[in-house]
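A.B. asks: All the letters of the sequence shown, read from the start, carry residue numbers 1 to 210 under the UniProt record's numbering.
A virtual CB, placed ideally from N, CA and C, is assigned to each residue, including glycine.
Model, not experiment: these values are computed from the prediction.
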Amino acid sequence: MAYRDENGSFTSRRQLIKVPRLGKTAFVQCAGFLRLKDGKNHLDNTPVHPESYELAENILIKLGFTPDALKNQQKAVQEKAQNTDAAKLAAELNAGEPTVRDILAALAKPGRDPREDLPAPLTRKNIVKLSELTPGTVVKGTVHNVIDFGVFVDIGIKTNGLIHRSELSYKPFRHPLDIVSVGDIIDVVILSVDENRGRISLSLKQVPQK
Numbered sequence: 001m002a003y004r005d006e007n008g009s010f011t012s013r014r015q016l017i018k019v020p021r022l023g024k025t026a027f028v029q030c031a032g033f034l035r036l037k038d039g040k041n042h043l044d045n046t047p048v049h050p051e052s053y054e055l056a057e058n059i060l061i062k063l064g065f066t067p068d069a070l071k072n073q074q075k076a077v078q079e080k081a082q083n084t085d086a087a088k089l090a091a092e093l094n095a096g097e098p099t100v101r102d103i104l105a106a107l108a109k110p111g112r113d114p115r116e117d118l119p120a121p122l123t124r125k126n127i128v129k130l131s132e133l134t135p136g137t138v139v140k141g142t143v144h145n146v147i148d149f150g151v152f153v154d155i156g157i158k159t160n161g162l163i164h165r166s167e168l169s170y171k172p173f174r175h176p177l178d179i180v181s182v183g184d185i186i187d188v189v190i191l192s193v194d195e196n197r198g199r200i201s202l203s204l205k206q207v208p209q210k
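(1) Are the CB atoms of Leu130 and Ile190 nearer to each other than 8 Å?
(2) How is the beta strand (DSSP E) around Ile59 delimited, first residue to last?
(3) So which of Phe65, Ile155, Gly150, Val151 has the shortest CA-CA distance to Thr137?
(4) Comparing alpha-carbon positions, which option in Asn94, Pro208, Ile103 lies nearest Leu84?
(5) State the CB to CB distance for the pair Lys205 and Glu167, rounded to an integer number of angstroms; the pair is presumed to be in contact (CB under 8 Å).
(6) Run through the DSSP bridge pairs and tell me what Gly161 is partnered with.
(7) In whole angstroms, what is the alpha-carbon distance linking Lys88 and Arg101?
(8) Ala105 and Glu97 - do their beta-carbons sit closer together than 8 Å?
(9) Once the 5 residues before and after Ile73 are set aside, which same chain residues still bring their CB inside 7 Å of it?
(10) Roughly how many angstroms lie between the CA atoms of Thr142 and His164, to the nearest whole one?
(11) Using 10 angstroms around the beta-carbon of Asn94, count the other beta-carbons present and answer buried if the total reaches 16, otherwise exposed.
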């Protein structure tokens, strides 16, 4: 938020690298989830990760388009991507078929959030708001975001909980990504709930071992 307030709205996913404390590792992990509808590169509004942009542009060329077509000829791109043989195209581009298939799927549905394919959080059905959370309770949640200082977890209510990096593991690690990844479904212990500030503190390392 501070970076955006100081520098204005993002116009490129690459600008994430300039955000203080985000780092290259976190950039690789989260860049694909940022959507920039009016970004300089129209691939920034698709699930395609920046590391695959060169391949995605080559695929567009093979389909008869340029990246600008993602905005100006979106329907035509979608139809072409949906009806393209991924295996054949991968062979022509000397690229991995799974990657080509993923890119074609992204071009067919450019605004799709890849988290839509993840399972919904498996939470306690009787918990619907902050006031009903009890410290010490173990709940299931889905890892929503991983950053240098911790992990945000969707436990099925409006507010995501935070696992501070000190509560991730008793064993030493370099980055929270060494412990969890976006989309992981994990058990967490509720440490505290601050209703006034809308904050939920969670722990992964304190979950009782089965």
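C.D. replies: Inspection of the coordinates gives the following:
(1) It is not a contact, given that the beta carbons lie outside the stated cut-off.
(2) Note, Ile59: premise wrong, no beta strand (DSSP E); alpha helix (DSSP H) at 53 to 63.
(3) If we check each option's Cα against that of Thr137, Ile155 comes out closest.
(4) The amino acid occupying residue 84 in the given sequence is Thr; Leu does not appear at that position. The candidate whose alpha carbon is nearest that of Thr84 is Ile103.
(5) 6 Å
(6) In DSSP, Gly161 forms a bridge with Val153.
(7) 11 Å
(8) Contact flag unset, no.
(9) The amino acid at residue 73 is misidentified as Ile; the sequence shows Gln. Cβ contact annotation for Gln73 (same chain, cutoff 7 Å, sequence separation greater than five): Phe65, in chain order.
(10) 15 Å
(11) exposed
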